[in-house]
Amino acid sequence: MTFFLGLQVKQDSKGVLIHQGKYVTDILTKFKMMESKPASTPMAARPVLTSDIDGEDVDQHLYRSMIGSLMYLTASRPDIMFSVCQCARYQANPKASHRIAVKRIFRYLVGKPRLSLWYPKNSEFRLFAYSDSDFGGCNLDRKSTTGGCQYLGDRLVSWQCKKQTTVSTSTAEAEYVAASSCCSQVIWMQQQLLDYGLNFLDSPIYCDNEAALQIVKNPVQHSKTKHIDIRIHFIRDCFERKLIHLEKVHTDDNLADLFTKPFDTARFHHLLASLKLISFN
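Residue numbering for the sequence shown follows this note's numbering, starting at 2 and increasing by one per position.
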């Protein structure tokens, strides 16, 4: 099998490559971006994207079509996940500044049309995850953004970028909510793998916020947590049942950082290399 639902698959004795190179070419051609100057990152770190109420209106149908095409591409391209999700927030009333941001994503794809997920054959087989969050990053409602990614050995198999449903009052709370979301994904993966006879209990989740780790490990944190929705405390139950455990990771090494904010070129490409995405020609 070399083609499945728009995903191109290349297999050899060393492992499996998955990419959407043909689809990238198709959408670049569709939106007349093939000859555009390549961009080094999918989104500029500055200025921050805003609702731009006084900005120039643009064609909503074209904007939504571009976003929809990019959303489908995120199935194999975690590098554009955050940028696409950010731009998707403005589909109801897109402005010229938003269209420029979307076109930058396409210009980034011009330079990296065949960035691929690499699943090596001989990598160890263990389940672990990274969790991260910004704090009040959405300028529309000051809600934070959850980022997470899950691995089986060196294989990136799942990733998330989602705006949180409630406003967090501290960085610790935002990180705790993100860790709980990541925990839910890990538990789901554990159940799926269990059907194949693979038991991955006590899977590590790496988080870069010490306060969030302590909230999970020490339930007597009333002043910090009593206002948090009870469903978020799901992670405590999983921790006590030894389904997962949390470990501290330095911010520079937290791969989920890629799904929470835009970066300059150096930091972005460092995270890209750490995710083990490779360019395939």
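Here a beta-carbon is modelled for each residue, glycine too, at the ideal position from N, C-alpha and C.
From the DSSP output, in three-state form, read off aspartate 258 for me. helix
Identify, in the order they occur along the chain, each residue of the same chain with its Cβ nearer than 6 Å to the Cβ of threonine 146, setting aside the five sequence neighbours on each side. Asp135, Gly138, Lys164, Thr261
Report the three-state DSSP secondary structure of phenylalanine 5 (helix, strand or coil). strand
Could you check how far apart the C-beta atoms of proline 114 and glycine 22 are, in whole angstroms? I think they sit under 8 Å. 6 Å
For histidine 20, does the three-state DSSP call read helix, strand or coil? strand
Rounded to whole angstroms, how far is the Cβ of serine 204 from the Cβ of glutamine 191, which I believe are closer than 8 Å? 7 Å
Considering only their Cβ atoms, is the gap separating alanine 267 from serine 132 smaller than 8 Å? no
Inter-residue CB distance, cysteine 150 and alanine 179 (contact presumed, cutoff 8 Å): The Cβ separation is near 12 Å, so there is no contact.
For histidine 99, which of Asp60, Asn219, Tyr73 has the nearest alpha-carbon? Asp60
Inter-stretch contact at 8 Å, needing at least 3 Cβ pairs: the stretch 81-90 / the stretch 28-41: no
Does DSSP put proline 43 in a helix, a strand or coil? coil
Enumerate in chain order the residues of its own chain whose CB-to-CB distance from alanine 89 is below 6 Å, with the five nearest sequence positions on each side excluded. Ile68
Tell me which residue opens and which closes the beta strand (DSSP E) that serine 248 is part of. Just to set this straight, residue 248 is glutamate in the shown sequence, not serine. First-last of the beta strand (DSSP E) with glutamate 248: 245-249.
According to DSSP, lysine 15 sits in a beta bridge with which residue or residues? Lysine 15 is not bridged to any residue.
Any idea what DSSP makes of arginine 100, helix, strand or coil? helix
Given this structure, state the Cα-to-Cα distance separating isoleucine 81 from arginine 242, to the nearest angstrom. 35 Å
Can you give, in chain order, each stretch of the beta strand (DSSP E) that sits fully within the stretch 147-187 and has at least 3 residues? 156-164
Compute the Euclidean distance between the alpha carbons of isoleucine 206 and alanine 175, then round it to the nearest angstrom. 16 Å
Reducing DSSP to helix, strand and coil, say where leucine 110 ends up. helix
Can you check which of these residues, Asn200, Ser52, Asn255, is closest to aspartate 209 by C-alpha distance? Asn255
Isoleucine 216 to methionine 35, Cα distance in whole Å? 49 Å
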